[in-house]
Structure formats: C-alpha cells, structure tokens
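Numbering of the sequence shown is given in full-length UniProt numbering, commencing with residue 1 and proceeding in unit increments.
Reading through the structure tokens given below for one structure.
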Amino acid sequence: MSIDQTSPAPRVGIVMGSDSDWPVMQAAAEACAEFDVVTESDVVSAHRMPHEMLAYGEQAADRGLQVIIAGAGGAAHLPGMLAAVTPLPVIGVPVPLKFLDGMDSLLSIVQMPAGVPVAGVAIGNARNAGLLAVRILAASDPGLRERMTRFQAGLRDAAHAKGEAVRR
Ligand code: RP5
1 MSIDQTSPAP RVGIVMGSDS DWPVMQAAAE ACAEFDVVTE SDVVSAHRMP
51 HEMLAYGEQA ADRGLQVIIA GAGGAAHLPG MLAAVTPLPV IGVPVPLKFL
101 DGMDSLLSIV QMPAGVPVAG VAIGNARNAG LLAVRILAAS DPGLRERMTR
151 FQAGLRDAAH AKGEAVRR
C-alpha cells in the first residue's frame, strides 16, 4: 500500500455504529469540508466490535485527531465509551431509528456520569456536530475562527432576509 504524504492528516474522526448511520452522519463530514477541515469516517461499533472501538479511542489523539464525532442509534453507547478512553472532546449524534424516534439514542448519549463529558446535538443533527467540531478547532486556529465568524455573519444575513419577506 502506498501512503500519500501530500494529503493532510485528518483532524476530526467521524465514527458510527453501522453503515446504516451514514445517511445521517455524512452531514458532519460535509460541514467540516465546508471549512476545509479534513475528516476521516469509519464504522466502529461499540457492541459488535468493542475491541476495535476501544483501540480507536485509545489511539485517536496520538494519531493526530483533535475531535471525535460519534453517531449511533438505539442503545447509543459509542460516544460515551470513546469519551471514557480518549482525552479528546467527543460529540455525540443521536441517530433516529424506526422505533422511539431517536429518544433512546439521545438519552443514552447525554446521560453521562460526572467526569466523562460527551457534547450532544439534536437528534439527527450531524451538521451541528460538524460545525461544533469546527468551532472547537477554531478556538486555537485564528484562520478557522475568521471563517466561522464569516459563516455566522451569513446566517445573520439570511435571517434578516427572511424578515424582509414578512416584515409589515
Ligand atoms: C446501532 O444500531 C447503530 O448505530 C445503528 O444506528 C443501529 C442499527 O444498526 P444496523 O442493524 O443497521 O447495522 O448500533
């Protein structure tokens, strides 16, 4: 296998419990790509491949990752278990499944014990997870912070424009 030494190392790891989560989770990768933040994506199931999942979390920081985004549906233990073995910030994405509308996943992700934080976004809102990862990186990256500030100005302008449409 040849290694492409020209491609920048990923700063954000995006993992999920199953490939069935990808239609939701790809929005996180797309949000990071809007800011030219390099990501890697993979399936790392807490329940079906627990040893690989622990290895991923244990090695993530040493591999150069700075933030982990973890999505799962149902009994969504992946974000919390990764947070247990990495010092990196972990953002959990509750993926809605056929039953319970993602409430099970949301509660699994946010009800973490004191000392082991996982940041949470709304059910299915992987885009916000990507944007939060960019903000975390931007705290120590002035160029990225400037781009995030411009992005926020765009949101403000869009909201103003919506007001124009209804203002009387
Ligand atoms: C969870 O089980 C996964 O994160 C996924 O949301 C769900 C269903 O997985 P599949 O049966 O589609 O592989 O662990």
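Backbone N, C-alpha and C define an ideal beta-carbon position, used for all residues, glycine too.
Exercise for review: Look at the Cβ atom of P91, then the Cβ atom of L155, and state whether they are nearer than 7 Å.
Suggested key: In the sequence shown, the residue the question calls residue 91 occupies position 91. In the sequence shown, the residue the question calls residue 155 occupies position 155. According to the sequence shown, residue 91 is Ile rather than Pro. No, the pair does not count as a contact, with Cβ atoms beyond the cut-off.
Exercise for review: Compare the Cα-Cα distances from S105 to each of A29, G73, P50 and report the closest residue.
Suggested key: Locating residue 105 in the sequence shown gives position 105, counting from the first residue. It is G73 whose Cα lies nearest to the Cα of S105.
Practice item. Please list, in chain order, all residues of the same chain as V85 whose beta carbon is under 8 Å from its beta carbon, the five residues on each side excluded. Key: Looking up residue 85 in the sequence shown gives position 85. Closer than 8 Å at the Cβ level, and outside the excluded window around V85, lie L54, G57, E58.
Point to revise | Three-way DSSP call (helix, strand, coil) for T166 in this model | key: For the purposes of this step, residue 166 is identified with residue 166 of the sequence shown, where counting begins at 1. First, the amino acid is wrong: residue 166 is Val here, not Thr. Note: V166 maps to helix in three-state DSSP.
Exercise for review: Whole angstroms is fine: what's the gap from A159's alpha carbon to H51's?
Suggested key: What you label residue 159 is simply residue 159 of the sequence shown in a count that begins at 1. What you label residue 51 is simply residue 51 of the sequence shown in a count that begins at 1. Approximately 46 Å, taken between the alpha carbons.
Exercise for review: Tell me, to the nearest whole angstrom, how far the beta carbon of V67 is from that of I136; I am working on the premise that it is less than 8 Å.
Suggested key: The residue you call residue 67 lines up with position 67 of the sequence shown. The residue you call residue 136 lines up with position 136 of the sequence shown. Indeed they touch by this definition, with Cβ atoms about 5 Å apart.
Practice item. Would you grab the beta carbon distance between V95 and G71 for me? Rounded to a whole angstrom, and I think it's under 8 Å. Key: To locate residue 95, count along the sequence shown from 1; it is residue 95. To locate residue 71, count along the sequence shown from 1; it is residue 71. The pair is a contact, with the Cβ atoms about 5 Å apart (cut-off 8 Å).
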